[in-house]
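In order, the protein sequences belong to chains V and P. The working numbering numbers the first residue of the first sequence as 1176 and each following residue consecutively. The working numbering numbers the first residue of the second sequence as 204 and each following residue consecutively. Idealized CB from N, CA, C, for every residue including glycine. Just so we're clear, the structure is a prediction, and the values are computed from it rather than from any experiment.
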Amino acid sequence: MKLGQQIIKELYELKEKIPEQKSKEKFLLYQTKLDNCQIQIKFKDIDKYGIVFDYISIKKETPILDVELINRTLEKQAELIQKTITYLLEDFRLIELDTMNKRAQLRSYPPYKKDDSKFYYEIVLDEGIRFHLQRYEYSRTKKRYEKITSQLTLEMFERLLEDVIKILGECPESSQ
Amino acid sequence: MIMNMEHDYNRFRQIIKGKIKQNLRKYISNSGMIGKKGKDLVSIPLPQVDIPRFRFGNNGNGGAGQGEGEPGTPIGGGEGESGQGEAGNQPGHHIKEVELTLEELAEILGEELELPNIEPRGKKQIVTQKDRYTGIRRTGPESLRHFKRTFREALKRQVTSGTFDIKKPRVIPIRDDYRYRSWKTSTIPETNAVIIYMMDVSGSMWDEQKEIVRLETFWIDTWLRSQYKGLETRYIIHDAAAQEVDRETFFTVQENGGTVISSAYKLCTQIIEKDYSPEEWNIYAFHFSDGDNWSREDNELCVEILEDSLLPKINLFGYGQVESAYGSGQFFDVLFESLSYSDKLVLSHIPDKDAIYQSIKEFLGKGK
Chain V
1176 MKLGQQIIKE LYELKEKIPE QKSKEKFLLY QTKLDNCQIQ IKFKDIDKYG
1226 IVFDYISIKK ETPILDVELI NRTLEKQAEL IQKTITYLLE DFRLIELDTM
1276 NKRAQLRSYP PYKKDDSKFY YEIVLDEGIR FHLQRYEYSR TKKRYEKITS
1326 QLTLEMFERL LEDVIKILGE CPESSQ
Chain P
204 MIMNMEHDYN RFRQIIKGKI KQNLRKYISN SGMIGKKGKD LVSIPLPQVD
254 IPRFRFGNNG NGGAGQGEGE PGTPIGGGEG ESGQGEAGNQ PGHHIKEVEL
304 TLEELAEILG EELELPNIEP RGKKQIVTQK DRYTGIRRTG PESLRHFKRT
354 FREALKRQVT SGTFDIKKPR VIPIRDDYRY RSWKTSTIPE TNAVIIYMMD
404 VSGSMWDEQK EIVRLETFWI DTWLRSQYKG LETRYIIHDA AAQEVDRETF
454 FTVQENGGTV ISSAYKLCTQ IIEKDYSPEE WNIYAFHFSD GDNWSREDNE
504 LCVEILEDSL LPKINLFGYG QVESAYGSGQ FFDVLFESLS YSDKLVLSHI
554 PDKDAIYQSI KEFLGKGK
């Protein structure tokens, strides 16, 4: 069974364990260790068509020690994300590459605008080993950001998980 | 005659000023004008000032209609058909430009935005020494020789000694006739001010946001220059780290780093401590960012620096939060929640160019 499929199966199982009323009210937190990665998904619902999730966080367990290599890795990972993850609501663009704090930030480009709101995904890559995806809404009226849920078909969700794990796994070696 | 011309000229200037005042909101958010800024003059594109005059009407083309028209018959209309005309060969209408001094511009800005004049806070007045060439001496370097005075002395000498021939007017100065310009050093009390501009140049600050900052700083500069004789400006840019740069770099630099606002506040504090004693200087600091700071810890550090180091030393700290393509961060709220009690802090949201007008009013409206 592929990694993505396995995660989806486990997400189903987690949802089944929670009584229906309770699972509708709040988010469920799925955590697992697979393939040298810690995976955390905070989700609201999953059915046979798709998933509604708050965030996906994936962290490789092996740290990169060399600072220069971390920054090269971040660059490479950002490049791969921009090229590979093109099937969500918007494509990604590297916004900030903070070499001092070893962090890269990618966001939807362009963000989706509706009425007085802007919607966008944000991916934060930390130290070349951690990936975090969250969707936000910025409202001009409220003048603040809010985390919002993302909805994906199971096919897209599975593809996303596998792409991210591949991107996180590939880079340190290939960037040397 | 001269009086009339002067009167007309002054009247013309008044009309121009009135026009600029009417359209000030437009000029404030228009960067084209800043590009035309000379050392002391600014060129402002101004729509033509129309002077009332008689014009001929279109006699012969109209007239009363006769008979009944068929449904669909166009009323009036020309004879030519569309698409058959030739390209024009006359020059188009050019937008007139008028030149204003920065003082005039500041005056208009102050009147329109009802800005109060600033009361300098510096306790001591700085005394500057200025050399003015007001005197005349008998000795001096040749480069300062006053030709007119020298020849006048020579003429006087020749006339009194009777060697001047009116039919053959030749004036030959001798050593005793030589006169030289000399200077007097005067001390002028001066109230000095410094503005420290800080700008977030992290990856989320795109050209549009920097343009807003450029416009804001131009108007702040213009106003404060009209209020202080000796105005210095310093520029700090920051992403995850801060550095001092020159004006050109400030507005053109492209970075894509993260955002650590405290780095700029630390550098600003260092600059003030090193170069500007708060007792002698009126210190202004303005910071522009999209408010997406790196971490909550850094937000707290910024508040601490402002509260302990910056606000006690300065006249005014202006924080302008521009809106990036993704919106506006939380830093504005952080400052508002922690420091809104301070009358030295002015916070302003600048979502787009149209908001600059109000923002300038907020920044400068306190008269500090």
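Among Gly-523/P, Leu-470/P, Asp-211/P, Leu-347/P, the one whose alpha carbon lies nearest that of Asp-652/P: The structure shown has nothing for residue 652/P, since chain P only spans 204 to 571.
Per DSSP, the bridge partner or partners of Leu-550/P: Translated into the one-based positions of the second sequence, residue 550/P becomes position 347. For Leu-550/P, which the question treats as bridged, DSSP gives the partners Tyr-522/P.
Between the CA atoms of Glu-526/P and Leu-318/P - distance to the nearest angstrom: Working through the second sequence from its first residue, we reach residue 318/P at position 115. Working through the second sequence from its first residue, we reach residue 526/P at position 323. Between the alpha carbons of Leu-318/P and Glu-526/P lies a gap of roughly 25 Å.
According to DSSP, residues forming a beta bridge with Arg-437/P: For the purposes of this step, residue 437/P is identified with residue 234 of the second sequence, where counting begins at 1. Partner(s): Ile-399/P.
Residues sharing a beta bridge with Phe-354/P, DSSP: Within the second sequence, residue 354/P is the residue found at index 151, counting from 1. DSSP, once it has assigned bridges, lists no residue as partnering Phe-354/P.
Ile-339/P vs Arg-384/P beta-carbon contact at 8 Å: Residue 339/P sits at position 136 when you count from the first residue of the second sequence. Residue 384/P sits at position 181 when you count from the first residue of the second sequence. In this structure, Arg-384/P lies closer than 8 Å to Ile-339/P by Cβ.
Secondary structure of Ile-1304/V, DSSP reduced to three states: In the first sequence, residue 1304/V corresponds to position 129, counting from 1. Three-state DSSP puts Ile-1304/V in coil, outside helix and strand.
Spatial neighbours of Cys-1185/V in its chain, beta-carbon cut-off 7 Å, leaving aside the 5 residues before and after: Locating residue 1185/V in the first sequence gives position 10, where the first residue counts as 1. Reading off the sequence shown, one finds Glu at residue 1185/V, where the question assumed Cys. Only Tyr-1205, Thr-1207 meet the Cβ criterion.
Exposed unless 16 or more other CB atoms sit within 10 angstroms - verdict on Leu-1281/V: Position 106 of the first sequence, counted from the first residue, corresponds to residue 1281/V. Buried: at least 16 other Cβ atoms inside 10 Å.
Stretch pair the segment 504 to 519 of chain P + the segment 536 to 544 of chain P: three plus CB contacts closer than 8 Å: yes
Between the CA atoms of Phe-1202/V and Ile-1323/V - distance to the nearest angstrom: As a first step, residue 1323/V is located in the first sequence; it is residue number 148 there, counting from the start. As a first step, residue 1202/V is located in the first sequence; it is residue number 27 there, counting from the start. Each residue's Cα considered, the two are about 12 Å apart.
Contacts that Ala-444/P makes with chain V (C-beta to C-beta distance below 8 Å): Position 241 of the second sequence, counted from the start, is the residue given in the question as residue 444/P. Going along chain V in sequence order, the residues near Ala-444/P (Cβ under 8 Å) are Met-1275.
Cα-Cα separation, Thr-472/P to Val-463/P: Within the second sequence, the letter at position 269 stands for residue 472/P. Within the second sequence, the letter at position 260 stands for residue 463/P. Per the coordinates, the alpha-carbon of Thr-472/P lies some 15 Å from the alpha-carbon of Val-463/P.
Among Ile-415/P, Ile-559/P, Asn-395/P, nearest to Ser-480/P - alpha-carbon criterion: Along the second sequence, one-based indexing puts residue 480/P at 277. Nearest option by C-alpha distance: Asn-395/P.
Alpha helix (DSSP H) segment containing Gln-430/P, residue limits: The residue given as residue 430/P occupies position 227 in the second sequence. First-last of the alpha helix (DSSP H) with Gln-430/P: 410 to 430.
Proximal residues of chain P, C-beta to C-beta of Arg-1282/V below 9 Å: As a first step, residue 1282/V is located in the first sequence; it is residue number 107 there, counting from the start. Neighbours of Arg-1282/V on chain P, chain order: Ser-407, Ala-528, Tyr-529.
Test: Gly-460/P CB closer than 8 Å to a CB of chain V: Counted from its first residue, the second sequence places residue 460/P at position 257. For Gly-460/P, the answer is yes, since a Cβ of chain V falls inside 8 Å of its Cβ.
Cα-Cα separation between Phe-566/P and Val-301/P, rounded to whole angstroms: For the purposes of this step, residue 566/P is identified with residue 363 of the second sequence, where counting begins at 1. For the purposes of this step, residue 301/P is identified with residue 98 of the second sequence, where counting begins at 1. C-alpha separation (whole angstroms): 28 Å.
Sequence-distant residues of its chain with Cβ nearer than 6 Å to Arg-417/P (five each side left out): Residue 417/P sits at position 214 when you count from the first residue of the second sequence. Excluding residues within five positions, the ones whose Cβ falls inside 6 Å are Phe-454.
Any chain V beta carbon closer than 8 Å to His-490/P: The residue given as residue 490/P occupies position 287 in the second sequence. Proximity of His-490/P to chain V, defined by a Cβ-Cβ separation below 8 Å, is not satisfied.
Inter-residue spacing [alpha-carbon to alpha-carbon] between Ile-1342/V and Glu-322/P: Locating residue 1342/V in the first sequence gives position 167, counting from the first residue. Locating residue 322/P in the second sequence gives position 119, counting from the first residue. Approximately 60 Å, taken between the alpha carbons.
Alpha carbon of Lys-1251/V to alpha carbon of Leu-1244/V, nearest angstrom: Working through the first sequence from its first residue, we reach residue 1251/V at position 76. Working through the first sequence from its first residue, we reach residue 1244/V at position 69. Computed Cα separation, rounded: 10 Å.
Span separating the alpha-carbon of Glu-164/P from that of Tyr-431/P: Since the displayed chain P opens at 204 and closes at 571, residue 164/P lies outside it and no answer follows.
Short-range partners of chain V found in the segment 416 to 445 of chain P, where Cβ spacing is below 7 Å: Ala-443, Ala-444
Beta-carbon contacts of Arg-1310/V that lie in its chain and below 8 Å, excluding the five residues immediately before and after: Against the first sequence, residue 1310/V aligns to sequence position 135. So the qualifying residues of the chain are Phe-1294, Tyr-1295, Tyr-1296, Glu-1297, Lys-1322, Ile-1323, Thr-1324, Ser-1325.
Cβ distance (whole Å) where Ala-558/P is taken to contact Trp-409/P below 8 Å: Here residue 558/P refers to the residue found at position 355 when the second sequence is read from its first residue. Here residue 409/P refers to the residue found at position 206 when the second sequence is read from its first residue. About 17 Å; that fails the 8 Å criterion.
Same chain, Cβ closer than 6 Å to Thr-1259/V, five either side skipped, listed in chain order: Position 84 of the first sequence, counted from the first residue, corresponds to residue 1259/V. Within the same chain, Thr-1259/V has close Cβ partners Asp-1338.
Option in Asn-485/P, Tyr-438/P, Pro-554/P with minimal Cα separation from Lys-1317/V: Taking the first sequence and counting its residues from 1, the one referred to as residue 1317/V is at position 142. Ranking the options by Cα distance to Lys-1317/V, first place goes to Pro-554/P.
Through-space distance from Ile-247/P to Lys-571/P, alpha-carbon basis: Position 368 of the second sequence, counted from the first residue, corresponds to residue 571/P. Position 44 of the second sequence, counted from the first residue, corresponds to residue 247/P. Cα-Cα distance, rounded: 28 Å.
Listed by chain order, chain V residues near Gln-533/P by CB distance under 8 Å: Here the question's residue 533/P lines up with position 330 in the second sequence. Within chain V, the residues near Gln-533/P are Arg-1319, Tyr-1320.
Supposed contact pair Gly-521/P and Asp-495/P - C-beta distance, whole angstroms, cut 8 Å: By one-based count along the second sequence, residue 495/P stands at place 292. By one-based count along the second sequence, residue 521/P stands at place 318. About 19 Å separates the two Cβ atoms, so there is no contact after all.
3-residue-minimum beta strand (DSSP E) runs that sit fully inside the segment 1195 to 1282 of chain V, ordered along the chain: For the segment 1195 to 1282 of chain V, whole beta strand (DSSP E) runs of length 3 or above, ordered along the chain, are 1203 to 1209, 1212 to 1221, 1225 to 1235, 1267 to 1273.
Close beta carbons around Ile-1214/V, own chain, < 6 Å, minus the five adjacent residues each side: Working through the first sequence from its first residue, we reach residue 1214/V at position 39. Thr-1207, Ile-1233.
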